[in-house]
Structures are given as C-alpha cells and as structure tokens.
Amino acid sequence: MSDLPTPQDADETALFSECWDAVLSYADLCTAGSMTARRLADEAFTLGVRRLRAEGTAVRGPGRRPARLPVVPELLTAVRETAAVWESEGQGQGLDPDLRLWLNSEAAARYSGPPLTRPVALRGLRDMPEADASLLWLAEVEALPLSVVARRLGLDPQTVGTELDQVRVLFRERCHRAHRDTPLDAECRSYARLLDAVTRSPGAEEPEDLSRHLATCVPCAEAAACLRLTGGALPAALATGVVGWGGLAYLERRRRAAEVRLGAGAPGRTGPGDLDRDASRGRVVRGGLLAAAGLISVVALGASLMPFGGSDGDETAAAHDDQRPVAVPSATRPSHAPSRSAAPATTRTVPVSPGPSTPKTRTRHATPSPKHRGSASAAAPAPTATVTHAPTCQVAYHLDDQWSDGFQATLTVTTDDALDDWRLAWTFDDGQRIGQTWDATPHQSGSQVTASAKSYNKSVAAHGSFAFGFVGTHDGANDDPRAFTLNGESCAVK
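According to this note's numbering, the sequence shown is numbered sequentially starting from 51.
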C-alpha cells in the first residue's frame, strides 16, 4: 500500500482534507471491499497529487496554466486510471466485476484514445478556465451549497449564483466547439441545426426522428446532454462524461453525502467529529434517502447541439475569451480559503433539488395490477382457519423517471427486525433488465432480480430502513415488480 503524500503547506492540507472523501467514495464504487477501496484510493490520490505538483497547480502560483481539469475530477480520473492499471497487470480481482468489463470495452478506450474522440463533457470542461470549471463542478456534481462554493473559491456570495449561470453558458459553448471538432458521419452532421434549435428553445418539441437518432448515436446524445441547460440533466452529463464508469452512482453518493456534510476518512482525521459524521452517514443510509430523480441516462436525453458552421467573428470572440474566467474572486477573499485551482469536493442536498425543474417521482401503491388480480377476486372463497404471519418488512417502489426504452427507480425498504446484512429479491413480469445500480449489488436471472447490501450499508436498526436505486431498460410495458422478499421472507408493498 502506498503512503499518502505529506502536505507541503496549509493550502495543500486544506486540499487533501477537501478532496480525500471524493476519491475514497469513487474508489469504493470501483471495488468489491472496503480494504481494496482504501488501497485504490491511496494509490490514486498519490498519483493525482504528484501530477498536480508536477504541473505546478496544486497550490496557487503565478503565470498561465495549461488546460486541465479541476482538482476533484483530476483526482477521480486518477482513480479510474489506477483501476485500469490494476486490470492490465492482472491485479483486477478486487475491482467491481462490471467495472472490469467496462475497462476492457470500447467505452473505456475513449477516455485514453485520440483527443477528438473523447467524451464531449470531458473536453468541454478541460477547455474552460480552471476557476470557472471548478465552480461548475463543485456546484453541479459535488453539489455544494453556493455559499460554501463561494467561500472555498474566494467568490462574492452575493453574485456567485449569477456567475454560475454564466459558467453554464460557457460550458455549453465549449462543448459545442468540442462536438463540432469531433469526426462525425453525414447523418450526425445533418441533424446539427435541428439539434441547435431544440436546445436553444426549452419549450420546443423534439422531433421523432431526432429522438431515434439520439437513442442510437452516443456522440450526439452526449453533446445533447451537455448543450441543454434546462431540465436538470447537466450534473449527470458532467459526471458520466468526465468520471466515466459509475458516474451516476458517484453523483448520487455526493448528493447524499452533502446532506450530512460527510468528511470522515480524510488523511489524519480521526477525532470525535469524524466518528459523528460516520454515525450521520449510517443514519442517512438507514433513513433511506431517495435517489436523485433528476438523474437519467445520457443516451436517453433529448437535447441538441450548436450549429457546425459558425462565423469567423464568432470564432475570434470565442478564442479571445478562452482564458477569461467568469468567476472572479471577490476582493475580500478569506485567508484560509484554498485557491480556485485547488477546488475542493463535497456534495449537494437530496432528494429535493433547488433546480428549476421538479423531479418526476411517482410512488407506486399496493393496488394490484389487473394482470395479477386473477378471476378469484370476483368469487372469494369462504374464510378458513389458516394462521398467517404478518410481513416484517415493507417495500416502497418509486418510479423516478421513464423514457421510451428505459427508466429509473428507487426502492425503500423498512424492516421491523434489526439486520446485519440484507438481500432483497423481486420479480419483473415485462422483461425489464436492470443496469447501473447504486447502494446495492445487483444480480438478475431472467425475471428474478436480487439486490445485496454494500459493505457500508449492511447494518439496519430495528424499525429502520434502507434504500437503493437503479437504471433499467424495458420494451413496451413497465409494470411494477412483485413478489418482494427480504432475506427470503415475504415483504408487504406500501
């Protein structure tokens, strides 16, 4: 196990404290056990800090810096790259099985392949002035309150909201530029102006042929998600485009971590405050916070991109503004605040987001579906003396969002008995398949699905609850699942 680097000064001490939790959180997603997660986080954090020091950007310094990611996504990239090294060297047995498959796929190769084929969000964020990129990442992905972002970046709390709006527009411009530079086929180019029109008009209806194209074309769907600034899709576009595998699950963790201001586990922090934060984390998990309803699959997003044929004047203006940050530090920067180039990480409150749109969350109730009622309901048999046992658990199934061939859902389970581990099983009747899952490890065989506890949320107090979410696919019907069991015992449906 590598030794964590020693902070060189007060700014690096603050940087380490603020970023360590983000690195450990993503490393935990990438691995199958807490010890392996800590080892991956140690190696990745060490690699990332060495890079920052080599570039002269880990602490504040004069001069123009080369284009690069903000500190937090730079460290998360180090986690992904360290995992890739483990896999290539035959040491990937401790990694999440789905991550290992991804690391050997074309999707992973895009992040290390030719620059013009990398995800649009990654290229757009890297192309922004670092102060602006840090503001966007901390507010949208790490989900910090704007007052905290302003303090950490040395911005004026009264104007940081306006600056964030301007930074979002700047990100859209950079993503448009990146997508326009991407080698595209004739069909993609033919949709350019239509995509631009749909993106610029929030109320515009998306044509059917455009929706079909976005459902099958990864580059256009990625660009569309980045270019649409309304609807709450920007955080998901950033997380999946920059982090890569597990981006949505990481985003959800950071949102829930922000709820309790999670800071436990940072290097050198083992005081009572950290124990309190660990306890808070356990309470939040048992409380079953709902997954962020604004997260949806990037490929399923209906969006658009800027036109390919910009004027010379537009190009000149864009080039002139490349290094002019929108987020200008206030004149009264607190002395303890880290520099903008060392942007910290924590997270945003969930489940209710202060964004402009309201999540489309729907709670399913216990009313049976007609296909499961059966004819016996019309002529119920006479009561018998059979003794039945009341279920000791209750399940609430929430359909958070749904689109043409996919959906996102959250399951919240309340148990009367204390648990030291849990395994929830259910049945799908419409051929649904689950995909990316957070706060549980999934397994599906045909219509039967089982979700098992992660290492950090196995324990549940009596009369407590736990929650997890997933993204799935469907073909046509998408009825509620049924026949829920918790550790083999039947559960009632709320």
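We treat Cβ as the ideally placed atom computed from N, Cα and C, and that holds for glycine.
These figures come from a predicted structure and were not determined experimentally.
Within the model, the alpha-carbon separation for Pro531 versus Asp479 is close to 7 Å. Counting along the chain, Tyr447 sits inside the beta strand (DSSP E) bounded by residues Cys443 to Gln452. The shortest C-alpha to C-alpha distance from Leu220 to any of Cys267, Leu119, Leu536 and Leu279 is the one to Leu279. Sequence-distant partners of Trp488 (beyond 5 residues in either direction) whose C-beta falls short of 6 Å from its own C-beta, in its chain, are Ala299, Glu302 and Gly519. Spanning the alpha carbons of Gln141 and Thr86 requires a straight line of approximately 11 Å.
Counting other Cβ atoms within 10 Å of its Cβ, Glu237 stays below 16 and is therefore classed as exposed. By the neighbour-count criterion, in which a residue is buried when 16 or more other Cβ atoms sit within 10 angstroms of its Cβ, Glu124 is buried.
Taking Leu185 as the centre and dropping the five residues before and after it, the same chain places the C-beta of Val199, Leu203, Glu213, Leu214, Val217 and Ala377 closer than 7 Å to its C-beta, in chain order. Met178 and Ala133 have their C-alpha atoms some 27 Å from each other.
Membership of Leu97 in the alpha helix (DSSP H) is indicated by the continuous run Ser84 to Glu105. By the neighbour-count definition (other C-beta atoms within 10 Å, threshold 16), Thr465 is a buried residue.
Straight through space, the alpha carbons of Gly538 and Leu205 are spaced by roughly 54 Å. Taking all protein chains shown into account, Leu151 has fewer than 16 neighbouring C-beta atoms within 10 Å of its C-beta and is therefore exposed. Asp182 and Leu196 have their C-alpha atoms some 14 Å from each other.
Here Thr127 has Leu119 as same chain residues with Cβ atoms under 7 Å from its own Cβ, once five neighbours each way along the sequence are excluded.
Within a 10 Å sphere around the beta-carbon of Glu62 sit 16 or more other beta-carbons, which makes this residue buried.
Proximity to Ala440 across Cys541, Gly522 and Phe534 peaks at Cys541, based on C-alpha coordinates. For Gly481, the closest alpha carbon among the candidates Gln58, Arg168, Thr523 and Thr462 is that of Thr523. No residue range can be given for His524, since it is assigned to no alpha helix (DSSP H) and is classified by DSSP as neither H nor E. Put simply, the backbone Cα of Gly174 is about 25 Å away from that of Arg201. Trp488: member of the beta strand (DSSP E) spanning Arg483 to Trp488, first to last residue. Residue pairing by DSSP puts Thr491 in a beta bridge opposite Ser502.
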